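Structure first, then comments.
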Amino acid sequence: MDIAEHPRRASAGAMIGRATVRAASDGGEAHVTVDLAGAVVGVGFGPASRGMREVDLAAHVLAAYERAAAQAARLAAELPCADPGCPPGPAGAH
Numbered sequence: 001m002d003i004a005e006h007p008r009r010a011s012a013g014a015m016i017g018r019a020t021v022r023a024a025s026d027g028g029e030a031h032v033t034v035d036l037a038g039a040v041v042g043v044g045f046g047p048a049s050r051g052m053r054e055v056d057l058a059a060h061v062l063a064a065y066e067r068a069a070a071q072a073a074r075l076a077a078e079l080p081c082a083d084p085g086c087p088p089g090p091a092g093a094h
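All residue numbers for the sequence shown refer to full-length UniProt numbering, where the first residue is 1 and numbers rise by one.
This is the structure we're talking about:
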């Protein structure tokens, strides 16, 4: 392994650690922000959420989460692996 690869992977690791994805439910009732591991880092509600029943609002939060988590997984798979032992290329290719 070329030592020059380490700085690139370290910067990729830092980028992965800070990257987030935000997605909204279809009607904008809820939006969820996740990190690239799919962990929720934020939840918010749009004007369309006013007066909604809690069970309906929960369904919109879940829909937004599923959309954000799927986008985060796709993005994470496209990024290079941050582990110095990984071969070059996207993490999802290994």
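Glycine included, every Cβ here is placed at the ideal spot set by N, Cα and C.
The structure displayed is predicted, hence computed values, not measured ones.
In this structure, G38 is the residue among V55, G38, R67, L57 with its C-alpha nearest to the C-alpha of A19.
Going by beta carbons, E29 and L57 fall inside the 8 Å limit. In the DSSP assignment, A23 falls outside any alpha helix (DSSP H) and lies within the beta strand (DSSP E) extending over 20-24.
Between A24 and A64, the C-beta spacing is below 8 Å. T33 is not a Cβ neighbour of R50, given a cutoff of 8 Å.
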